[in-house]
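Just so you know, the sequences run in chain order R and A.
Here the first sequence stands for residues 1 to 330, numbered as in this note's numbering.
Here the second sequence stands for residues 331 to 660, numbered as in this note's numbering.
Number of protein chains: 2
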Amino acid sequence: MSLEDDLIARYFAPLAGAGGLGLRDDAALLAPPAGSELVVTVDALSAGIHFFATDAPEAIARKALRVNISDLAAKGAEPLGFLLALALPKQGEAIIDDTWLQRFARALGEDAAYYRIPLVGGDTISTPGPLMLSVTAFGHVPAGGMIRRDGAKPGDRVYVSGTIGDAALGLAVRFGGKETWLASMSGNRLAQLRSRYLEPQPRLALAPVVREFASASMDVSDGLAGDFAKLMRVSGCAGVINLAQVPLSDAAQAAVALDASLVERVVTGGDDYEVLCTVAEQNALAFEQCALEAGVQVTMIGAVHAGAGVEFFDEQGQPVTFSRMAYSHI
Amino acid sequence: MSLEDDLIARYFAPLAGAGGLGLRDDAALLAPPAGSELVVTVDALSAGIHFFATDAPEAIARKALRVNISDLAAKGAEPLGFLLALALPKQGEAIIDDTWLQRFARALGEDAAYYRIPLVGGDTISTPGPLMLSVTAFGHVPAGGMIRRDGAKPGDRVYVSGTIGDAALGLAVRFGGKETWLASMSGNRLAQLRSRYLEPQPRLALAPVVREFASASMDVSDGLAGDFAKLMRVSGCAGVINLAQVPLSDAAQAAVALDASLVERVVTGGDDYEVLCTVAEQNALAFEQCALEAGVQVTMIGAVHAGAGVEFFDEQGQPVTFSRMAYSHI
């Protein structure tokens, strides 16, 4: 299949990096630095599931690219390029016209430049269904340098970047439901939460710090609680998280102050795209220091133990259980 | 987003290559051989456009992977691995249940083993729309060794692998229309054409031969005529194809004998997934010899000239024009 020539020439060729050969070939060429390994990841997004068909094209472009950059960051990888597969609906609520494509491509190009991850190729097809995007992102690490999920060891500390729960609460803002807390929040804070849902902020600046200090790492996409459980299961360890230490933004704190039950949504709601990693105790201070220098806030929220399973404790040291551990898009 | 854990563990983890880390990580790891460059390509396929929702899951799996392998082959690349993004419909004509997934994964695994291209990762999502697949394939070439579309030179000969037009005619068989020729063909020949549409045969065995001898190369997916025009345009050359030399299978010959107008469908219909390449005149014999040794039939069908544009001639040397040059999936 080929990209539709008009679409490429007009909207996507201007975004192409050197390896993309002007997007006029069947394939793209990547030359990772000598001695490096390639880290590859793919994330697909469908209208009606991962975003709303009527979301701004800029937000859709940013989300599709950034959720993949978030995976690279969590693996300690430096970006190398990406491929975009775009399935454009023939009909539907959102009209995909020249203006839409222009806005989508411009936002994608801005992000590609900002994160230094050039578009190297892609495929555009039409679909009788909703808009769908699949982004494959490439990064590189020094050979053996990728931080996997399975490296956590008993005694390690558990860290998370940024703040947790904003996107999950932002989804409620986006839905515009009738929950009491929504009515009591300021417009400014609601906008902050909504923006975190619509436009993830991948922690690419943290990638070299993760690579240097983390024993295991992943990004939080399906909810902190469930993703932490995965990290521990794959590492063959047990783990605890102290909920009082989980970093919340001012807006999320305000929401939880209005409705304490939102804590569950904060730690299981997902779409955070923060880095969740474990660090050996003797590296913890250096990790915190380097993260600070990279401009990314990291917070110690728990610890790794021998055994299996994960536990969550509240401020009073009481165990907390959740009705579900993670948000599933399936 | 994460692959749904159950789906991975049951159906896809058994297919994973070493770089896939058991599909239990955010990303996969690829280590191309030292001194090589990475060739990457992505093709998306949607039910209702590229295949029928009710096609056998085996055929869908094979088509999705093979159209990508075909791109690698045309670039002269050796396979390294692939990623699969799978969007599963919540409803629709074709029921995606355990049996479907089992059959799909088994066929995908057989192809991955046959073409030595391990599954290294993926993403499974649900969609309110039709089944959609996006495969990203990775290959490697010695540095500088990828054969691009833009290298054809005046004086080069034009070659195509295998036979042309079977898939385009096979689509008519699949549709089961009322065309006269369909009624006059044997069941065996109709089955051959249909099979070429459903299950492309990528010419991976030709990859090293293309790499050694071709000046420019691409795979024929949108129709020989249109794809040849692209190859010449990107190379900045003019080209001619002698239609009488275009290789047809017995089945396609029988169809054209019944209805001469099918020639246009043969050369513009697409879905051939054969290699179309140009070879300098002094390399032509060696190219033919090595292709033969690799077990792939190649046929000289034309020549490259200085200038711009492409022309097609019939057996009598008369120019032939087509109402459209290529089949567009858009």
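Here a beta-carbon is modelled for each residue, glycine too, at the ideal position from N, C-alpha and C.
No experiment lies behind these values; they were computed from the predicted model shown.
Identify the residues that DSSP records as bridge partners of A:Tyr-489: which are they? In the DSSP secondary-structure assignment, A:Tyr-489 is bridged to A:Cys-607, A:Met-630.
According to DSSP, simplified to helix, strand and coil, what is R:Asp-43? The answer is strand: DSSP assigns R:Asp-43 an E or B state.
Contact set between A:Lys-405 and chain R, taken where Cβ atoms lie within less than 7 Å | Below the 7 Å Cβ cutoff, chain R contributes Asp-26, Ala-27 as neighbours of A:Lys-405, in chain order.
(message) Check this for me: beta carbons of R:Val-246 and R:Ile-301, under 7 Å apart or not?
(response) Between R:Val-246 and R:Ile-301, the C-beta gap is smaller than 7 Å, which places the two residues in contact.
Below 8 Å CB to CB, which residues in the same chain sit around A:Ser-653 once its five sequence neighbours on both sides are set aside? Cβ neighbours of A:Ser-653 within its own chain (closer than 8 Å, five residues either side excluded): Glu-594.
Can you give me the Cβ contacts of R:Ile-60 inside the same chain, cut-off strictly under 6 Å, excluding the 5 residues immediately before and after it? Phe-51.
Query raised in the report: Where do the ends of the alpha helix (DSSP H) carrying A:Pro-530 lie?
Result: Note, A:Pro-530: premise wrong, no alpha helix (DSSP H); not H, not E.
Contact criterion: CB-CB distance below 7 Å. Does R:Arg-62 meet it with respect to chain A?
So, not an interface residue.
Tell me the DSSP secondary structure of R:Thr-124 in three-state form.
Here R:Thr-124 sits in strand by DSSP.
| request: Run down chain R in chain order and give the residues with a C-beta less than 7 Å from the C-beta of A:Ser-491. | output: Chain R residues near A:Ser-491: none, gap ~14 Å exceeds 7 Å.
Between which residues of its own chain and A:Asp-644 is the CB-CB distance below 7 Å, once the five residues before and five after are set aside? The answer, listed in chain order, is Leu-573, Ala-574, Val-650.
Kindly indicate if chain A contains any beta-carbon less than 7 Å away from that of R:Glu-293.
Not closer than 7 Å to any Cβ of chain A, the Cβ of R:Glu-293 fails to qualify, so no.
Secondary structure at A:Glu-623, three-state DSSP: helix, strand or coil? If DSSP states are grouped into helix, strand and coil, A:Glu-623 belongs with the helices.
Does the structure place the segment 478-491 of chain A close enough to the segment 146-159 of chain R that three or more beta carbon pairs sit under 8 Å?
Not touching, per the Cβ criterion.
inquiry  = According to DSSP, is A:Leu-416 part of a helix, a strand, or is it coil?
reply    = In the structure shown, A:Leu-416 sits in a strand (DSSP, three-state: E or B).
Proximity of R:Ala-216 and R:Thr-268 at Cβ, strictly below 7 Å: At the C-beta level, R:Ala-216 and R:Thr-268 stay beyond 7 Å of one another.
Worksheet item: Which residues does DSSP pair with R:Ala-16 in a beta bridge?
Response: R:Leu-119.
- [ ] Below 6 Å CB to CB, which residues in the same chain sit around R:Leu-285 once its five sequence neighbours on both sides are set aside?
- [x] Cβ neighbours of R:Leu-285 beyond the five flanking positions: none.
- Task: Identify every run of the beta strand (DSSP E) within the segment 561-614 of chain A, keeping only runs that are complete inside it and at least 3 residues long; order them along the chain.
- Result: Entirely contained in the segment 561-614 of chain A, the beta strand (DSSP E) runs reaching 3 residues are, in chain order, 568-572, 605-609.
> Relative to chain R, which residues along the segment 364-377 of chain A have a C-beta separation below 7 Å, given in chain order?
Replying inline: Using a CB distance below 7 Å, the part of the segment 364-377 of chain A facing chain R consists of Glu-367, Leu-368, Val-369, Val-370, Thr-371, Val-372, Asp-373, Ala-374, Ser-376, ordered along the chain.
query = Do the segment 444-458 of chain A and the segment 35-49 of chain R meet, that is, are 3 or more Cβ pairs less than 8 Å apart?
reply = Short answer: they touch.
Endpoints, the beta strand (DSSP E) within which R:Thr-99 is located
Note, R:Thr-99: premise wrong, no beta strand (DSSP E); alpha helix (DSSP H) at 98-114.
Length of the line joining the Cα atoms of A:Leu-438 and A:Ile-447:
Approximately 10 Å between the Cα atoms of the pair.
Review point. Near R:Val-39, what residues of its chain come up, given a Cβ to Cβ distance below 8 Å and the 5 sequence neighbours on each side ignored?
Key: Cβ within range, chain order: Leu-72, Lys-75, Ala-77, Phe-138, Gly-139, His-140, Val-141, Met-146.
Between which residues of its own chain and R:Ala-168 is the CB-CB distance below 7 Å, once the five residues before and five after are set aside?
In its chain, beyond the 5 residues on either side, Arg-265, Val-266, Gly-269, Gly-270, Asp-271 have a beta carbon closer than 7 Å to the beta carbon of R:Ala-168.
* Asked: With 7 Å set as the bound, which would you pick, yes or no: does the beta-carbon of A:Ala-482 sit closer than that to a beta-carbon of chain R?
  -> Against chain R, the CB of A:Ala-482 has no partner CB under 7 Å away; the residue lies outside that interface.
- Task: Take the Cβ of R:Pro-89 as the centre, count every other Cβ of all protein chains shown within 10 Å, and call the residue buried at 16 or more, exposed below.
- Result: Here R:Pro-89 is buried: its Cβ has 16 or more other Cβ atoms, across all protein chains shown, within 10 Å.
- Message: Taking 7 Å as the threshold (C-beta atoms), are R:Leu-7 and R:Thr-99 in contact?
- Response: Contact flag unset, no.
(request) Report yes or no: do the segment 496-511 of chain A and the segment 616-625 of chain A share at least 3 C-beta pairs separated by less than 8 Å? (result) Judged by Cβ distances under 8 Å, the segment 496-511 of chain A makes no contact with the segment 616-625 of chain A, as fewer than three pairs qualify.
* Asked: Interface residues of chain A around R:Thr-136 at Cβ under 7 Å?
  -> Those are Val-372, Leu-413, Thr-466, listed as they occur along chain A.
What do you get for A:Ile-399, buried or exposed, if any count of 16 or more other CB atoms within 10 angstroms of its CB means buried? Under this definition A:Ile-399 is a buried residue.
**Spatially closest choice to A:Phe-543 from A:Val-640, A:Leu-606, A:Pro-362, by CA coordinates** = Of the candidates A:Val-640, A:Leu-606, A:Pro-362, A:Leu-606 places its Cα closest to the Cα of A:Phe-543.
Pairwise C-alpha distance: R:Gly-239 and R:Gly-309: The alpha-carbon atoms of R:Gly-309 and R:Gly-239 are separated by roughly 7 Å.
| message | Rounding to the nearest angstrom, what Cα-Cα distance links A:Gly-365 and R:Pro-32 in this structure? | response | C-alpha separation (whole angstroms): 10 Å.
For R:Ser-184, does the count of other Cβ atoms within 10 angstroms reach 16, so buried, or fall short, so exposed?
-> Label assigned to R:Ser-184: exposed.
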